[in-house]
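Residue numbers (our numbering), protein chains in the order written: chain A, 1 to 235; chain B, 236 to 470; chain C, 471 to 705; chain D, 706 to 940. Glycine included, every Cβ here is placed at the ideal spot set by N, Cα and C.
Protein chains: 4
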Amino acid sequence: MSRTADPHTKDALLRAAEEVFAERGLASARVEDIARLAGVSKGAFYLHFESKEAALEQLVQAFLAGCSGFFAPPSSYPDLPEDPHELLAFTAERDLQIYEFLWENRSIVRIIHSCRGEYDHLVEAFRAEVAVRTRAWVRHFQEVGLFRQDIDADLVATLMCGAHHELSEKMFTSDRRPPIAAWLEATQSTFFRGLGTPALLAVAEDRKRDRPADIQAHANARTRRRPAHVQRERS
Amino acid sequence: MSRTADPHTKDALLRAAEEVFAERGLASARVEDIARLAGVSKGAFYLHFESKEAALEQLVQAFLAGCSGFFAPPSSYPDLPEDPHELLAFTAERDLQIYEFLWENRSIVRIIHSCRGEYDHLVEAFRAEVAVRTRAWVRHFQEVGLFRQDIDADLVATLMCGAHHELSEKMFTSDRRPPIAAWLEATQSTFFRGLGTPALLAVAEDRKRDRPADIQAHANARTRRRPAHVQRERS
Amino acid sequence: MSRTADPHTKDALLRAAEEVFAERGLASARVEDIARLAGVSKGAFYLHFESKEAALEQLVQAFLAGCSGFFAPPSSYPDLPEDPHELLAFTAERDLQIYEFLWENRSIVRIIHSCRGEYDHLVEAFRAEVAVRTRAWVRHFQEVGLFRQDIDADLVATLMCGAHHELSEKMFTSDRRPPIAAWLEATQSTFFRGLGTPALLAVAEDRKRDRPADIQAHANARTRRRPAHVQRERS
Amino acid sequence: MSRTADPHTKDALLRAAEEVFAERGLASARVEDIARLAGVSKGAFYLHFESKEAALEQLVQAFLAGCSGFFAPPSSYPDLPEDPHELLAFTAERDLQIYEFLWENRSIVRIIHSCRGEYDHLVEAFRAEVAVRTRAWVRHFQEVGLFRQDIDADLVATLMCGAHHELSEKMFTSDRRPPIAAWLEATQSTFFRGLGTPALLAVAEDRKRDRPADIQAHANARTRRRPAHVQRERS
DNA sequence: TATGAATGAGCGTTCATTCAT
DNA sequence: CATGAATGAACGCTCATTCAT
Chain A
1 MSRTADPHTK DALLRAAEEV FAERGLASAR VEDIARLAGV SKGAFYLHFE SKEAALEQLV
61 QAFLAGCSGF FAPPSSYPDL PEDPHELLAF TAERDLQIYE FLWENRSIVR IIHSCRGEYD
121 HLVEAFRAEV AVRTRAWVRH FQEVGLFRQD IDADLVATLM CGAHHELSEK MFTSDRRPPI
181 AAWLEATQST FFRGLGTPAL LAVAEDRKRD RPADIQAHAN ARTRRRPAHV QRERS
Chain B
236 MSRTADPHTK DALLRAAEEV FAERGLASAR VEDIARLAGV SKGAFYLHFE SKEAALEQLV
296 QAFLAGCSGF FAPPSSYPDL PEDPHELLAF TAERDLQIYE FLWENRSIVR IIHSCRGEYD
356 HLVEAFRAEV AVRTRAWVRH FQEVGLFRQD IDADLVATLM CGAHHELSEK MFTSDRRPPI
416 AAWLEATQST FFRGLGTPAL LAVAEDRKRD RPADIQAHAN ARTRRRPAHV QRERS
Chain C
471 MSRTADPHTK DALLRAAEEV FAERGLASAR VEDIARLAGV SKGAFYLHFE SKEAALEQLV
531 QAFLAGCSGF FAPPSSYPDL PEDPHELLAF TAERDLQIYE FLWENRSIVR IIHSCRGEYD
591 HLVEAFRAEV AVRTRAWVRH FQEVGLFRQD IDADLVATLM CGAHHELSEK MFTSDRRPPI
651 AAWLEATQST FFRGLGTPAL LAVAEDRKRD RPADIQAHAN ARTRRRPAHV QRERS
Chain D
706 MSRTADPHTK DALLRAAEEV FAERGLASAR VEDIARLAGV SKGAFYLHFE SKEAALEQLV
766 QAFLAGCSGF FAPPSSYPDL PEDPHELLAF TAERDLQIYE FLWENRSIVR IIHSCRGEYD
826 HLVEAFRAEV AVRTRAWVRH FQEVGLFRQD IDADLVATLM CGAHHELSEK MFTSDRRPPI
886 AAWLEATQST FFRGLGTPAL LAVAEDRKRD RPADIQAHAN ARTRRRPAHV QRERS
């Protein structure tokens, strides 16, 4: 009976906000630009969001929720494989998924990277959580005898986060999809050598022999973009 | 040639700008705040700077020039030691100096980290240059047989830049000076193991034996704050 | 002639408008609030009223029409009693009815009192009319020898209007019904003494002796709310 | 040394605000209009006032302060004359001064009269205070035997406030100065008859004989416009 | 040089009104 | 008739920049 809401509008606004925020920064992103890019009026923006900040928050939180889903701490996997082979396979696959997700959400990642100053409360907790989880994984690897005992888990987590942070940024410098699998391979190799025990290196060596560089086979493992309500099928 | 302006004013404005930019972000830093903090009027600001952006630019470029001085590519050192021991000592000392400089200039570093969006042209070139120089050093280490041949210098430079980037940020999370030398020690150890040849590891092992943890001896090596043209004489 | 609209809707909208206007003032009353309070949509509001102002106008005019009905000039009563006793009884009863009506419509009265500035064209004519009619009554009382000849009917009408205006506002300061009859008694007494001839005072004295404070007998004389065209049948 | 503030600006803005508020009502008065009328820019307005409301508040409070000065309660006059003749002369003079002041500040009075709804907190206290002081005067007249004992001081104060309220509004309906003294004469006469004891009436009669209508002699007693911070000498 | 009052473009937000359903 | 999403003109306020002193 009523005029039905154009289901496109809110999504279009979110996408437009994503783009404008990523392009112009948060403070200088203009609501008018977002609305124009979404093809609606400024008023329509305020029909869907309390404020400019609220739109950013929705954007960021949807992304963060997605991230969290991919990057849980080891304690949250009751059936985490004990076998080193399988554990490495598991983490490798998880990293691929994460990078896939980051690639899909590269606009938001850029926004988040620029969330310094007034808006960083939105991501500070997230950054801290990522550091904590990374450290938890480092410790887990120490406990199962794959990382050396003489490393400082906290510092190492910092280095790994930074390296991945930079690597993921490198992904976004061009619009072409980078060879994620190869990058991860090299990154893992570096950190495994840098932090691993002889046991880890042996297993890694085994794995390399098993997978003769067929590592591109994941490219179809489409992860959803905005996981919840905003599907983005893309057959 | 009349009496020149109070040389204190411009300097005070730069310091104030540094603080306000770091505190409030670039877009929401107000010229009025900068002027007030410097103890001068808004008008005085415009006697010294074309615009808010110009002040930022001067600030950033003075810092970048300082950075460049510390972090030259290997080709610019005609007398770079060939002896691995000395080379490692040289790079270790250089890294200490860089971190010292970063710590001294932590406000600007924070600003630069937030230079996304509208202002990133100011630092993009710098980031790229850092990456290029890091890669040059990686290649140099490969050439002298200290880093493995099978690593991708470009990717590895990315990882190292990212790790150091994050590590330097970690420096700024508190206002207390962190144990820089220990951090660098651990970082170098990780990357040396991750990327080095057996030759490098042997040398590193030697060095560790030689320096029985006296690594705090640098704490007084005050580097000047704004190295180049921004001297703050008027003693 | 199709089925007419739900007659409840327009009425509900008028009631809601009355409440919202009275509560928030005219300029800051929002159509959306009115519609929500009436339990209909914003669109429905515009099915019944041209604009926000039109709704106000209907509201005010319905009230003014009601007022006019109660407070006609003496010339419009062909059978106005000539006997002073009866005339005083008539005007006393009329005043009670007016105050009763004002009490019933206190929301609108409050709105009207705030109708300065942009909307006062709606009530200016009414105010003027009230003044004119009051003056006509003053003159009538002069003609029948109850008010003194040496008073300025115009000025006196102003004073009386103002006094009643304030008195009626005093009614609305609390939500409890005030002792209207006593108030009117005292008010009439003051003005009768202030303006009346000895003849009037004698009659007033008589009347006071006749009515031994039975003045609350009117409290059940419910006058209808919106008297004229806005009847709320649909019983 | 600095560019000195145009002393005209703030005053011009206050006067302009007075006019625009009086003309358009508070809610729909546009800052831009005020600034334009004052001959300055919108920004200049905010240089002098925190907000639109703040300007109104300054305007109103300066006026209220002036009013209070003129209309103190009897208790604040230690040397209030006991002689009825002199007391009446005193109050008559005071009323003239008040009306003079109201006439000078008629724009603000109009604004205040329209201060219903969102802004009435500014004047509610004032209205209440006026009522309280009026009642105090009524009681004083009762105590000195000039007003009858059987009147309700509270109600009577309401009537008098209302009458004067309306009378003062009548002043503003045209731009020509009304015969204030004559109006007050008639008003006092009405209320003295309505409320006074025979003693008061006798004194009033005396006074009327003494002053053969020379009542316009006050017209040059210019009271200053904005009394507060702008002087209040007039010993 | 230095000041700070003045400017005015710009932006976030509101809300009366329209219109597709 | 009814709905409520969409529109867009306002308007309050901010702040970089100018300029008279």
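Residue i classed as buried or exposed, judged by whether at least 16 other C-beta atoms fall within 10 angstroms
i	result
residue 898 of chain D	buried
residue 782 of chain D	exposed
residue 800 of chain D	buried
residue 646 of chain C	exposed
residue 752 of chain D	exposed
residue 293 of chain B	buried
residue 173 of chain A	exposed
residue 767 of chain D	buried
residue 267 of chain B	exposed
residue 735 of chain D	exposed
residue 780 of chain D	exposed
residue 121 of chain A	exposed
residue 798 of chain D	exposed
residue 594 of chain C	exposed
residue 539 of chain C	exposed
residue 746 of chain D	exposed
residue 367 of chain B	exposed
residue 505 of chain C	buried
Beta-bridge partners of residue i, as assigned by DSSP
i	result
residue 69 of chain A	Residue 69 of chain A is not bridged to any residue.
residue 901 of chain D	D/852
Inter-residue Cα distance where the pair is residue i and residue j
i	j	result
residue 209 of chain A	residue 191 of chain A	19 Å
residue 848 of chain D	residue 842 of chain D	10 Å
residue 401 of chain B	residue 709 of chain D	51 Å
residue 12 of chain A	residue 39 of chain A	8 Å
residue 676 of chain C	residue 555 of chain C	8 Å
residue 241 of chain B	residue 336 of chain B	28 Å
residue 493 of chain C	residue 487 of chain C	10 Å
residue 713 of chain D	residue 749 of chain D	12 Å
residue 655 of chain C	residue 561 of chain C	12 Å
residue 263 of chain A	residue 134 of chain A	Outside the shown range of chain A (1 to 235) lies residue 263 of chain A, about which nothing can therefore be said.
residue 576 of chain C	residue 490 of chain C	13 Å
residue 522 of chain C	residue 816 of chain D	23 Å
residue 610 of chain C	residue 876 of chain D	26 Å
residue 627 of chain C	residue 617 of chain C	12 Å
residue 434 of chain B	residue 385 of chain B	15 Å
residue 424 of chain B	residue 416 of chain B	12 Å
residue 824 of chain D	residue 403 of chain B	54 Å
Boundaries (first-last residue) of the alpha helix (DSSP H) holding residue i
i	result
residue 90 of chain A	84 to 104
residue 645 of chain C	Run containing residue 645 of chain C: none; DSSP gives neither H nor E here.
residue 723 of chain D	712 to 729
residue 750 of chain D	747 to 753
residue 506 of chain C	501 to 508
Any non-hydrogen atom of the ligand ZN closer than 7 Å to residue i Cβ
i	result
residue 39 of chain A	Annotation note on the ligand ZN: not contained in the displayed structure, which lists no ligands.
Inset, instruction - Determine which residues of the stretch 641 to 669 of chain C have a Cβ less than 9 Å from any Cβ of chain D, and write them out in chain order. - result: 652, 653, 656, 657, 659, 660, 661, 662, 663, 664, 665, 666
Legend entry - Cβ-based contacts, 8 Å cut-off: residues of the stretch 134 to 158 of chain A near chain B: So the close ones are 151, 152, 155, 156, 158.
Legend entry - Interface positions of the stretch 258 to 289 of chain B facing chain A (Cβ-Cβ less than 7 Å), listed along the chain: 259, 260, 262, 263
Inset, instruction - Return the residues of the stretch 290 to 309 of chain B that lie within a Cβ-Cβ distance of less than 8 Å from chain A, sorted by chain order. - result: none
Legend entry - Members of the stretch 780 to 807 of chain D near chain C, C-beta cut-off 9 Å: Here the close residues number zero.
Inset, instruction - Would you list, in chain order, the members of the stretch 241 to 256 of chain B that have their beta-carbon closer than 7 Å to a beta-carbon of chain A? - result: Shown here is that no member of the stretch 241 to 256 of chain B has a Cβ falling below 7 Å from a Cβ of chain A.
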